[in-house]
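J.:
Residue numbers (our numbering), protein chains in the order written: chain X, 94 to 440; chain Z, 4 to 117.
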């Protein structure tokens, strides 16, 4: 077979198996190679064989049999992988926080064996209740996002099908193989996913863990850095900003390559995150209002923490870092999409 | 006119889809690779698209009706499919259904003709 013909066959097979479950890819690749070889022998040309096989997207769909699924086989591997990470990163910290808080309260307040038993029962009940609610919340949230993506993909598929009715598919419609640099690996996202999830969990269930701990005269003093009095107002925006980043990671994972959808998602997510960061840091009372009194009261012990004394300056520094990192990430996404990812099918 | 063509095409593919499974199972007592199956079905007057047949073979294998094995001793690797015991039983039952159905259909259409 000529080099150009083999290249065309490779492209065809790639676009068929790209969205198939991982454990089937290699087998279907070999099967298609065998089939196309046989068809070339019969028809005499690669072009005729591929034209007879038809649009790779439709063949891929036939292999997937995904009509009517909430989350089809195309996304299912990624969905399971993502769900496992999110559940691990949320359930373990929730367990640790609940047990730690319970033991701390019990050690301070339980004066008799009876009270210790009461506290143990109360901690166990709270632990199961927290685990169950976060399990349901996490499972529901992740499933919802993936289900929406599945639904959107079906809508795009249907639009493509309508367009394809007027123009029959030919091998000239095959997109080239994507540049290796355009491929987004799971390992590229895992650090972000773990960090965002852990941060969200602690912001929701244990904002008091973000605290300054000082030892004064052999006594431990614990001052939360966030304004917990207005936490019900601040936390949703804070967590929402992080969840936007998490959804952007899901989009990157399911697309698997830098393309228009990844670029648009990243630009929207980045812009929203900058706006929300600005609101959280500049418009909301984020910091504990008692912090200045704390520094005044313990100037010697808190001397290494002087950066926290001027909360206004601290907000500016954090905002500058957030804006720089977000713009940098948006720039990298735009660059990689324009350089390596454009011209590929958007889904 | 376009709608009529679409409806006919959709009904024809529904009819073919229903009968294709039986046609495939009928040919699988001996091991066969995918494209030889396409050719043998076509030779018998059952036009079959490879892009329909290959996913169907995998589905039948998943359902336990077929068993596949890669044969690597020839000039190129080939995947051979063959009926399983369960597949054979299902095939025989389906064949009975088909004979019964086609006799009924034949009577219906003949009556309508006369």
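By construction, the Cβ of each residue, glycine as well, lies at the ideal position given by its N, Cα and C atoms.
Okay, do the segment 338-356 of chain X and the segment 269-288 of chain X touch, 3+ Cβ pairs below 8 Å being the bar?
T.: yes
J.: Taking all protein chains shown into account, decide if residue 387 of chain X is buried (16 or more other Cβ within 10 angstroms of its Cβ) or exposed.
T.: For the purposes of this step, residue 387 of chain X is taken as residue 294 along the first chain, with counting starting at 1. Burial call: buried.
J.: Look at the Cβ atom of residue 408 of chain X, then the Cβ atom of residue 369 of chain X, and state whether they are nearer than 9 Å.
T.: Walking along the first chain from the start, residue 408 of chain X turns up at place 315. Walking along the first chain from the start, residue 369 of chain X turns up at place 276. It is not a contact, given that the beta carbons lie outside the stated cut-off.
J.: What is the C-beta distance between residue 83 of chain Z and residue 36 of chain Z, in whole angstroms, given that I count them as a contact (C-beta under 8 Å)?
T.: Sequence index remark: in the second chain, residue 83 of chain Z carries index 80 (1-based). Sequence index remark: in the second chain, residue 36 of chain Z carries index 33 (1-based). Their Cβ separation, rounded to whole angstroms, is 5 Å, which keeps residue 83 of chain Z and residue 36 of chain Z in contact under 8 Å.
J.: Alpha carbon to alpha carbon, how far is residue 21 of chain Z from residue 292 of chain X?
T.: Within the second chain, numbered from 1, the residue matching residue 21 of chain Z stands at position 18. Within the first chain, numbered from 1, the residue matching residue 292 of chain X stands at position 199. Whole-angstrom Cα-Cα distance: 54 Å.
J.: Quick one, which residues of the segment 139-153 of chain X are near chain Z if we go by CB-CB under 8 Å, in chain order?
T.: From the segment 139-153 of chain X, only 145, 146, 147, 151 and 152 have a Cβ closer than 8 Å to chain Z.
J.: Measure from the C-beta of residue 101 of chain Z to each C-beta in chain X and report whether the shortest distance is under 9 Å.
T.: Here the question's residue 101 of chain Z lines up with position 98 in the second chain. No, its Cβ sits nowhere closer than 9 Å to a Cβ of chain X.
J.: Determine the DSSP secondary structure at residue 389 of chain X, reduced to helix, strand or coil.
T.: As a first step, residue 389 of chain X is located in the first chain; it is residue number 296 there, counting from the start. Here residue 389 of chain X sits in helix by DSSP.
J.: Which residues, in chain order, does the segment 67-93 of chain Z contribute to contact with chain X at a C-beta distance below 7 Å?
T.: Listed by position, the residues of the segment 67-93 of chain Z near chain X (Cβ gap below 7 Å) are 79, 80, 81 and 82.
J.: Which residue or residues does DSSP assign as beta-bridge partners of residue 240 of chain X?
T.: Working through the first chain from its first residue, we reach residue 240 of chain X at position 147. Answer is none; residue 240 of chain X lacks a bridge partner.
J.: So which residues of chain Z does residue 132 of chain X contact, with C-beta pairs closer than 8 Å?
T.: Within the first chain, the letter at position 39 stands for residue 132 of chain X. Simply 38 and 53.
J.: Going by CA-CA distance only, name the one from X/390, X/422, X/131 and X/177 that's closest to residue 314 of chain X.
T.: Working through the first chain from its first residue, we reach residue 314 of chain X at position 221. Among X/390, X/422, X/131 and X/177, the Cα nearest to that of residue 314 of chain X is on X/390.
J.: Which chain X residues sit within Cβ distance under 8 Å of residue 62 of chain Z?
T.: Taking the first residue of the second chain as 1, we reach residue 62 of chain Z at position 59. What residue 62 of chain Z touches in chain X: 158.
J.: Can you confirm whether residue 34 of chain Z, when its beta carbon is compared against all beta carbons of chain X, has any partner nearer than 9 Å?
T.: What you label residue 34 of chain Z is simply residue 31 of the second chain in a count that begins at 1. Closer than 9 Å: no.
J.: In the DSSP output, which residue or residues are listed as bridge partners for residue 317 of chain X?
T.: The residue labelled residue 317 of chain X in the question sits at position 224 within the first chain. DSSP output for residue 317 of chain X lists X/304 as bridge partner(s).
J.: By how many angstroms is the C-alpha of residue 433 of chain X removed from the C-alpha of residue 105 of chain Z?
T.: Residue mapping note: residue 105 of chain Z aligns to position 102 of the second chain, counting from 1. Residue mapping note: residue 433 of chain X aligns to position 340 of the first chain, counting from 1. Roughly 57 Å separates the two Cα atoms.
J.: Would you say residue 115 of chain X lies against chain Z (beta-carbon separation less than 9 Å)?
T.: For the purposes of this step, residue 115 of chain X is taken as residue 22 along the first chain, with counting starting at 1. Using a Cβ-Cβ cut-off of 9 Å, residue 115 of chain X does not count as an interface residue toward chain Z, since no Cβ of chain Z sits closer than that to its own.
J.: Against chain Z, with Cβ distances strictly below 9 Å, would residue 177 of chain X count as a contact?
T.: Taking the first residue of the first chain as position 1, residue 177 of chain X is located at position 84. No, its Cβ sits nowhere closer than 9 Å to a Cβ of chain Z.
J.: Identify, in the order they occur along the chain, each residue of the same chain with its Cβ nearer than 8 Å to the Cβ of residue 290 of chain X, setting aside the five sequence neighbours on each side.
T.: Numbered from its first residue, the first chain carries residue 290 of chain X at position 197. Once the five neighbours on either side are set aside, the close Cβ partners of residue 290 of chain X are 178, 179, 182, 183 and 339.
J.: If you follow the alpha helix (DSSP H) that residue 2 of chain Z is in, where does it begin and where does it stop?
T.: Limits of chain Z in this structure are 4 at one end and 117 at the other, which puts residue 2 of chain Z out of reach.
J.: Counting along the chain, where does the beta strand (DSSP E) carrying residue 82 of chain Z start and finish?
T.: Here residue 82 of chain Z refers to the residue found at position 79 of the second chain. For residue 82 of chain Z, the enclosing beta strand (DSSP E) starts and ends at 81-86.
J.: Can you list, in chain order, the residues of its chain with a C-beta nearer than 8 Å to that of residue 240 of chain X? Leave out the 5 residues immediately preceding and following it.
T.: Along the first chain, one-based indexing puts residue 240 of chain X at 147. For residue 240 of chain X, where only same-chain residues beyond five positions count, the Cβ hits under 8 Å are 163 and 164.
J.: Assuming the contact rule is C-beta atoms closer than 8 Å, residue 423 of chain X and residue 359 of chain X should be a hit. Round their C-beta distance to whole Å, please.
T.: On the first chain, position 330 is the one that residue 423 of chain X refers to. On the first chain, position 266 is the one that residue 359 of chain X refers to. So it is a contact: roughly 6 Å between Cβ atoms.
J.: Excluding the 5 residues flanking residue 439 of chain X on each side, which residues of the same chain have their C-beta closer than 8 Å to its C-beta?
T.: Numbered from its first residue, the first chain carries residue 439 of chain X at position 346. Since pLDDT at residue 439 of chain X reaches only 39, below the 50 mark, its modelled position is unreliable, and the value read off the structure follows with that caveat. Closer than 8 Å at Cβ, skipping near neighbours: 249, 352, 353 and 354.
J.: Anyone know if the C-beta pair for residue 264 of chain X and residue 151 of chain X falls short of 9 Å?
T.: Within the first chain, numbered from 1, the residue matching residue 264 of chain X stands at position 171. Within the first chain, numbered from 1, the residue matching residue 151 of chain X stands at position 58. Not in contact: residue 264 of chain X and residue 151 of chain X (Cβ atoms no closer than 9 Å).
J.: Could you check the C-alpha separation between residue 97 of chain X and residue 300 of chain X for me, to the nearest Å?
T.: Here residue 97 of chain X refers to the residue found at position 4 of the first chain. Here residue 300 of chain X refers to the residue found at position 207 of the first chain. Those two C-alpha atoms are separated by around 60 Å.
J.: So, do the segment 107-116 of chain Z and the segment 62-71 of chain Z have three or more beta carbon pairs nearer to each other than 8 Å?
T.: no
J.: Look at residue 158 of chain X and residue 166 of chain X and say whether their C-beta atoms are less than 9 Å apart.
T.: For the purposes of this step, residue 158 of chain X is taken as residue 65 along the first chain, with counting starting at 1. For the purposes of this step, residue 166 of chain X is taken as residue 73 along the first chain, with counting starting at 1. Yes, the Cβ-Cβ distance between residue 158 of chain X and residue 166 of chain X is below 9 Å.
J.: Are the beta-carbon atoms of residue 362 of chain X and residue 337 of chain X separated by less than 9 Å?
T.: Counting from one through the first chain, the residue named residue 362 of chain X turns up at place 269. Counting from one through the first chain, the residue named residue 337 of chain X turns up at place 244. Yes, the pair counts as a contact, with Cβ atoms nearer than the cut-off.
J.: Using the Cα positions of residue 65 of chain Z and residue 90 of chain Z, report the straight-line distance between them to the nearest angstrom.
T.: Here residue 65 of chain Z corresponds to residue number 62 of the second chain, with the count starting at 1. Here residue 90 of chain Z corresponds to residue number 87 of the second chain, with the count starting at 1. Going from the Cα of residue 65 of chain Z to the Cα of residue 90 of chain Z covers about 11 Å.
J.: Taking CB distances under 9 Å as the criterion, tell me whether residue 76 of chain X reaches chain Z.
T.: The structure shown does not extend to residue 76 of chain X, since chain X spans only 94 to 440, so no value can be given for it.
J.: Where are the alpha helix (DSSP H) runs, 4 residues long or more, that stay fully inside the segment 125-164 of chain X, in chain order?
T.: You should have 139-146 and 149-157.
J.: Is the Cβ-Cβ distance between residue 153 of chain X and residue 102 of chain X less than 9 Å?
T.: Counting from one through the first chain, the residue named residue 153 of chain X turns up at place 60. Counting from one through the first chain, the residue named residue 102 of chain X turns up at place 9. Residue 153 of chain X places its beta carbon 9 Å or farther from that of residue 102 of chain X.
J.: Classify residue 99 of chain Z: buried if its beta carbon has 16 or more other beta carbons within 10 angstroms, exposed otherwise.
T.: Taking the second chain and counting its residues from 1, the one referred to as residue 99 of chain Z is at position 96. Looking at its Cβ environment, which holds fewer than 16 other Cβ atoms inside 10 Å, residue 99 of chain Z is exposed.
J.: Using a Cβ cut-off of 9 Å (strictly closer), state whether residue 155 of chain X contacts chain Z.
T.: Taking the first chain and counting its residues from 1, one reaches residue 155 of chain X at position 62. So yes, residue 155 of chain X belongs to the interface.
J.: Do residue 229 of chain X and residue 195 of chain X have their C-beta atoms within less than 9 Å of each other?
T.: One-based indexing of the first chain puts residue 229 of chain X at position 136. One-based indexing of the first chain puts residue 195 of chain X at position 102. Contact flag unset, no.
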